[in-house]
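Chains as they are written, first to last, in this note's numbering: chain G, 1 to 231; chain X, 1001 to 1792.
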Amino acid sequence: MIELPLIFVSGVLGSAHCLGMCGPLALMLGQAKSRVRQNLVRQLIYSAGRIFTYGVLGACAGFAGMRMAASLPALINIPAVLAIVAGAFLFYQGLLAADWLPRRGHVGSSCLGSSFLATFLRGPALRDVFLAGLFTGFLPCGLLYGYVAMAAGSASMGRGILVMVTFGLGTVPVMIATGFGSSLLGLAARRRLFRLAAYSVMLAGAVSIYRGLGFLGTEIHATTTICPFCW
Amino acid sequence: MVSTRTELNCDFCGLPVSGVGGRRPVKSAPAKATSADAIPPPIPPADRTGDAGQAWTSKESRGEAVYCCTGCRMAAAISQETAETGQARSTLTRLGLAIFFAMNVMVFTMALWSWEIYAMDESPAMHALRDLFRYACLVFSLPVLLLLGGPLLQSAITDLARRRITTDILLILGVFAAFGYSALSLWRDYEHLYFEVGCMILVAVTLGRWLEATGKARATRTLQSLRRLLPARAMLVDGAEQGEVPLELVSPGALIRVLAGQRVPLDGVVERAAAVVDEQIITGELDPHPKQVGDTVYGGSANLQEDLYLRVTHAVDQGTIQRLIQAVSSAAATKSRAVRLADVISSWFVPLTAAIAMGTFVVHWQSGGFQAALLTSLSVVLIACPCALGIATPLAVWAAVSSAARHHVLLRDGDALTKLAQIRVVCFDKTGTLTSGNVELAAMQFAQSADPELVIRVARELAASSTHLLSRGLWQAFAERDTSRAADGEAAVASIAGIVNNIQSVAGLGVRGSAARRRLRATDDEPAAASWTIAAARADSRVGIADAVAESRETVWLGSVRFAQAEGCTLPADLAAWLDEHPAEAVCCVAWDRQVQGIFLLRERFRDRALPMIAELRRAGLELRILTGDRNSRGRAIEASTGIATVAELLPDEKLRAIRQLHEQYGLVAMVGDGINDVPALTAADVAIALESGADISRDAADVCLLGNSLDRLPWLVHLARETRTVVRTNLFWAFAYNLVGIGLAAAGWLNPILAAIAMIGSSLFVIGNSLRLTAGDPRAGDAEQEVAVAP
Chain G
1 MIELPLIFVS
11 GVLGSAHCLG
21 MCGPLALMLG
31 QAKSRVRQNL
41 VRQLIYSAGR
51 IFTYGVLGAC
61 AGFAGMRMAA
71 SLPALINIPA
81 VLAIVAGAFL
91 FYQGLLAADW
101 LPRRGHVGSS
111 CLGSSFLATF
121 LRGPALRDVF
131 LAGLFTGFLP
141 CGLLYGYVAM
151 AAGSASMGRG
161 ILVMVTFGLG
171 TVPVMIATGF
181 GSSLLGLAAR
191 RRLFRLAAYS
201 VMLAGAVSIY
211 RGLGFLGTEI
221 HATTTICPFC
231 W
Chain X
1001 MVSTRTELNC
1011 DFCGLPVSGV
1021 GGRRPVKSAP
1031 AKATSADAIP
1041 PPIPPADRTG
1051 DAGQAWTSKE
1061 SRGEAVYCCT
1071 GCRMAAAISQ
1081 ETAETGQARS
1091 TLTRLGLAIF
1101 FAMNVMVFTM
1111 ALWSWEIYAM
1121 DESPAMHALR
1131 DLFRYACLVF
1141 SLPVLLLLGG
1151 PLLQSAITDL
1161 ARRRITTDIL
1171 LILGVFAAFG
1181 YSALSLWRDY
1191 EHLYFEVGCM
1201 ILVAVTLGRW
1211 LEATGKARAT
1221 RTLQSLRRLL
1231 PARAMLVDGA
1241 EQGEVPLELV
1251 SPGALIRVLA
1261 GQRVPLDGVV
1271 ERAAAVVDEQ
1281 IITGELDPHP
1291 KQVGDTVYGG
1301 SANLQEDLYL
1311 RVTHAVDQGT
1321 IQRLIQAVSS
1331 AAATKSRAVR
1341 LADVISSWFV
1351 PLTAAIAMGT
1361 FVVHWQSGGF
1371 QAALLTSLSV
1381 VLIACPCALG
1391 IATPLAVWAA
1401 VSSAARHHVL
1411 LRDGDALTKL
1421 AQIRVVCFDK
1431 TGTLTSGNVE
1441 LAAMQFAQSA
1451 DPELVIRVAR
1461 ELAASSTHLL
1471 SRGLWQAFAE
1481 RDTSRAADGE
1491 AAVASIAGIV
1501 NNIQSVAGLG
1511 VRGSAARRRL
1521 RATDDEPAAA
1531 SWTIAAARAD
1541 SRVGIADAVA
1551 ESRETVWLGS
1561 VRFAQAEGCT
1571 LPADLAAWLD
1581 EHPAEAVCCV
1591 AWDRQVQGIF
1601 LLRERFRDRA
1611 LPMIAELRRA
1621 GLELRILTGD
1631 RNSRGRAIEA
1641 STGIATVAEL
1651 LPDEKLRAIR
1661 QLHEQYGLVA
1671 MVGDGINDVP
1681 ALTAADVAIA
1691 LESGADISRD
1701 AADVCLLGNS
1711 LDRLPWLVHL
1721 ARETRTVVRT
1731 NLFWAFAYNL
1741 VGIGLAAAGW
1751 LNPILAAIAM
1761 IGSSLFVIGN
1771 SLRLTAGDPR
1781 AGDAEQEVAV
1791 AP
C-alpha cells in the first residue's frame, strides 16, 4: 500500500486545518495538569482513544466495503467506486481548506454530544481521557469521512483499520503540539502550513480518484479482490 | 395562568410525566399537586448508594423525585454525580466504558462474519484464531452487561412489580436471551454468537435515552436559567433578624439592601437611595431604568449603580419572576389536544408492540427455530420506538414555549400555539398598542407674514405650560429640534427666556397668554432667533409688573383652529388651503394679532418597529384590521399611514361583534390589545395577545403576553407557531411511518437487531433534533423598544 505514507502525511498536515474543532478539546485536556510530563501522557492517551475509534471505523468501513464488493461483484467494481467517492470528497475538503470554495455555516454548539464529551475531557482519571479521545473520534469531520470512504474502498477489514490508524497517527503530532498550547509557529507560518495541508489533502483525493478510475472498468470477483489502493 | 392540574412533571426535564413514553410515576408526592409546586424542584442531592443502578430508581421508589423515562432518571443521576463527586463514579463513565467494550465486540464479531462470508481456509492456526476471537467477544461483552444491564434490569423489575408490560421488560428479556444463547453456543461450539446484539441493545438503549433526556432538558432550559437568576439570600437591614438570610425567610414588609452590581432578590419598593436598574429579564427592555424612592423594582433585575434599600412587597414564591416561571411552566404542562391524543396512542403502543413481538417469536420459532425467533422478536421490540411517538408533540411544544419565553413572549398553553399557527386575521387596538399614546410633529406651516422662529418660540412657551397630550408632544418636538440644531452647530435658542406671560389654560380647548407687542414685532428690525440670548432673557425677567402693564401687550393663543377662531382670530387663506391638503389626526395653531400665525400638524407616534411589523404580518399572508374607539377622522388618518383597514368609533361590545364577524368571514382571529380596555375584544378573539409590562403578567384574558410591549415579536411569534405546527406534523409523521415500516420489516425478519437498535437512536434523534430547531435564536431578540418618528 504505497498510499500509507501519503495518508500519514495528509493526516499530519490535514489535522492542522481540523484544529478549529479538535484544538480546543486538546487544550482543555492540558488545563488540568501543569506538569509537562503529565500533560504529555494525557495527550498521548487522548490520541490513543481517537486512533482506537478511527481503527474501529476503519474496520466497519472495510467490512462494509467487503460486503458490498461481495454482493455486487459482477455489476460494478465497488472498491473503485468507493475510491473515487473518497477521492472526490477529500478533494472537496481540500478546496474548502484552501478557501477556494465558500464554507457553509458551522454546526453550532447545540450538539447534544458536547456535554457528553466535556464531562470526559475535564475528568482527572486517565480512563476519562481515553474515553474523551474515543468520543472525539466520532466527531463529524470532512477529512475523516474521506478516509472512512477510502477504508471502505479497501474492501478489507485489516486494510481498512490500517488506513484509518495511519491517518490517526498522522494527526498525533499537531494535536499534541496544540495540547501544549504552544504557538510554535507564527501566524504567517501557520497560514502557509494550512495552505500546504489543503494541497496535500487535494493530492490524496486526486490520487484516489485516479486509481479508482483506472480500476473502474476492471471486472473483479469477490474472492480475488484487487484493491485499487494496493495494486 | 396557574393551572389546577394533578399531573406531575419530570424532575429532570420538566415535561409532564404521564405524557412521555406512556409510563406513570411510582408515587405522587402530595405537595406536588399544588400549583405552586408546578415547577420542577431542583434536582435532589445525590443518592449515595454507590450503585448507579440503584441511584436511578431508589429516589423514585421513595416518591421523592419523579422522572418521565429511564433516560431522565439516568441523566439526573449523572448530574448529581457530576456535581458532587466529579468523575470518580460517574454513570457517564460507565456508559463510555461500555461503548469502548462494545466497539471491541463489534470488531471481533465483524472479523468472525468475514470468515463466514469468505469461508477462509480451515488451517489449525485460523481455527485457533477464530476460537480466540469468539472468546474475545465474550470477554468484551461481559463488562457491557455488567455496566449497563443493571439499570435496565432494575427498571424492568420496577415495572414488573407494578404489573405493567413495558419496553424495558421486553428488552432485558431479549438481552439475557442473546447473552444466554451465545454463552451456550460458545461452550458447545455452535456456529452463531449474538454477544454483539446484546451489547448493541444495551448501548443503544442507554445512549438513546440519555440523548433524549438531554434533549428534553435543553428544550426546557429557559426555566432552569430563570430559576437560577435569583440570588439565594437577601440582606436584611431592619427588624429582629439582620444580615444575610435565605429568601424564603424574608416576608413582605421587610427592608433589604441590594448592593450595586447584584441582582435584586425580591420584588420591592425603593425606600432609600436611588439607582439604575436593568430590568431586561422581566420586561425585555434593554435600556436600564433609573429608580427613585417609591418606584417598584422587580426581583431578578440587576442593580447597576448604587446600593438600594427596598421594602419587600412580595414573598419569594409570590414574586414576579416566580409567577413568570409558573406561567411558562404551566403553559407547557397544560396538555394541548394533540398531546392528549399522542398520550392515548402511546399508552396503547407498548402493549401492542409486546403482542406483535410475541406473535413474531411464535411464528418464527415454528418456521426458523429459536435463533431466528429470538432475533426477529428482538428487532421488533428495538425498532418500536414509543419515545419518538410520545415526545413528538410535547417536546416541540415545550421547545417553542421555552423559546418564546426567552424572547419575552409568554404563552398560556400549547393550544394557544396551535391556534396561532392557524390565525387568518390579526386585529389591533390603536392607542397604546400600535401607537405609544404620545404624539409627534408631522408638519408645520406658517403665515406668509410670520417669522417661523418666532412662531415656534411662542408656541413652545405656551406648550411648556400645559400638560395636554398635544402640548407635550409639541414641546417634545421642539426640544428635539433644538438638540439636533445644536448638534449641527447652530446657535441654540435660549430655552428659558420668556416672552409670554400670564398663561392660562382654557380647559379642553387650548392655552392663552400675553406677550409684549415689541417682542412680537421684533422680526421687522432684528433677526429673531439669534438675538434671543440668555442675557436678553435675564433682562426680560427683570421687567417689573408695572413695566409690563405699561408696555403695550398682545394676547397669544395656542390650541385648535376652532379655538383660535372662537377667540376672534382669522385663518389666512394660504394656511387654510394648506390645511385642506394635509388631513391630520390633530392640528394645533398659534395665533396673535387677530390672525393665525402658524399651524402644526400632529399625529400619534407609532411604537418602534410597528410599521415593519405590520409589513411582515402582511407578508405572512394575514388579514389585518385596526379596531379603535377613537374618532373617525383619526381612524382615517391612521388608515392612511398604516394601510390597514380601520374601523373607528367602536364601543367595547361593538369591537366584540366586529371580531366575531371577522371570525365568520375569514377564520381564526387574533386580537392584540394593551389589555386594559380591550378585555371584551380579547375574550372574543380566538387568540388574545396582550401587551403588558412585566408587572402584571398573570392576567387571565390573554393567551399570549408580549412582555416589555415588544410588539415586533408578533411576526416572529406567528412564524414560531407555524414552525411548531410543521415540526409537530413531521415528528408525528416520522414516528408513525418509522414505527409502521420498522415493525413491519422487523416482524417479517428482514431487519437485523443491531440495525434496529441504531435506527431506534436515529429515530429519537430525529424527533429531538427536529424539535430543538425551535429553540434556535431570533436575531432581534433583546432589542430595546424605542419609539421612532414615522416619516410624513
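Glycine included, C-beta positions come from ideal geometry on N, C-alpha and C. All figures in this text were calculated on a predicted structure; none of them were measured in a lab.
Rounded distance between the beta-carbons of residue j and residue i, thought under 8 angstroms
i, j, result
"X/Val1237", "X/Arg1263", "Going by Cβ atoms, the distance from X/Val1237 to X/Arg1263 rounds to 17 angstroms, so no, they are not a contact pair."
"X/Val1316", "X/Glu1248", "6 angstroms"
"X/Arg1519", "X/Ile1499", "4 angstroms"
"X/Ala1156", "X/Phe1133", "31 angstroms between Cβ atoms; not a contact."
"X/Thr1206", "X/Val1350", "Not a contact, Cβ separation roughly 19 angstroms."
"X/Ala1648", "X/Asp1630", "6 angstroms"
"X/Phe1600", "X/Met1444", "5 angstroms"
"X/Ala1254", "X/Leu1308", "That pair is no contact at about 14 angstroms."
Top-ranked residue by Cα proximity to residue i, from the options
i, options, result
"G/Ala61", "G/Val201, G/Arg50, G/Ser200, G/Gly146", "G/Gly146"
"X/His1407", "X/Arg1162, X/Ile1626, X/Asp1168, X/Ser1710", "X/Ser1710"
"X/Pro1753", "X/Phe1179, X/Met1200, X/Ala1125", "X/Met1200"
"X/Leu1259", "X/Thr1206, X/Leu1310, X/Phe1361", "X/Leu1310"
"X/Ala1477", "X/Leu1602, X/Thr1435, X/Cys1569, X/Leu1571", "X/Leu1602"
"X/Ala969", "X/Ile1599, X/Leu1395, X/Leu1230", "As shown, chain X starts at 1001 and ends at 1792. That puts residue 969 of chain X outside it, with no answer to give."
"X/His1364", "X/Ala1748, X/Leu1765, X/Asn1770", "X/Ala1748"
"X/Asp1429", "X/Val1727, X/Glu1664, X/Asp1703, X/Ile1644", "X/Ile1644"
"G/Leu44", "G/Met157, G/Leu144, G/Ala149, G/Asp128", "G/Asp128"
"X/Ile1354", "X/Ile1456, X/Leu1170, X/Ala1372, X/Arg1725", "Looking at the sequence shown, residue 1354 of chain X is not Ile but Ala. Ranking X/Ile1456, X/Leu1170, X/Ala1372, X/Arg1725 by Cα distance to X/Ala1354 puts X/Leu1170 first."
"X/Val1741", "X/Trp1557, X/Leu1411, X/Leu1617, X/Ser1379", "X/Ser1379"
"X/His1663", "X/Thr1646, X/Leu1341, X/Leu1650, X/Ala1681", "X/Ala1681"
Chain X contact for residue i (CB, 7 angstroms cutoff)
i, result
"G/Val165", "no"
"G/Phe91", "no"
"G/Leu131", "yes"
"G/Ala59", "yes"
"G/Met157", "yes"
"G/Val85", "no"
Any non-hydrogen atom of the ligand FAD within 6 angstroms of residue i CB
i, result
"X/Leu1147", "With respect to the ligand FAD, the structure shown offers nothing to examine, as it has no ligands at all."
Listed by chain order, chain X residues near residue i by CB distance under 8 angstroms
i, result
"G/Phe63", "Met1110, Trp1113, Ser1114"
"G/Phe8", "By Cβ distance, chain X contributes nothing, its closest Cβ being about 22 angstroms from G/Phe8, past 8 angstroms."
Proximal chain X residues relative to residue i, where beta-carbon distance stays under 9 angstroms
i, result
"G/Met68", "Here the premise fails: no neighbours, minimum Cβ distance about 12 angstroms."
"G/Val56", "Met1103, Asn1104, Met1106, Val1107"
Interface flag, residue i vs chain G, CB-CB below 7 angstroms
i, result
"X/Pro1044", "Caution applies to X/Pro1044, whose pLDDT of 34 falls short of 50 and renders its modelled position unreliable; the value that the coordinates give is listed next. It does not: the Cβ of X/Pro1044 has no partner Cβ on chain G nearer than 7 angstroms."
"X/Pro1040", "Residue confidence is low: X/Pro1040 scores 37 on pLDDT, short of 50, so the model does not pin down where it sits. No coordinate-derived value is stated."
"X/Arg1773", "no"
Checklist entry - Using a Cβ cut-off of 9 angstroms, which residues of the region 1745-1761 of chain X contact any Cβ in chain G, in chain order? => result none
message = Along the region 1091-1115 of chain X, where does the CB come closer than 9 angstroms to a CB of chain G? Name the residues.
response = Leu1092, Thr1093, Leu1095, Gly1096, Leu1097, Ile1099, Phe1100, Met1103, Asn1104, Met1106, Val1107, Met1110, Ala1111, Trp1113, Ser1114
* Asked: Quick one, which residues of the region 124-154 of chain G are near chain X if we go by CB-CB under 9 angstroms, in chain order?
  -> Pro124, Ala125, Arg127, Asp128, Phe130, Leu131, Ala132, Leu134, Phe135
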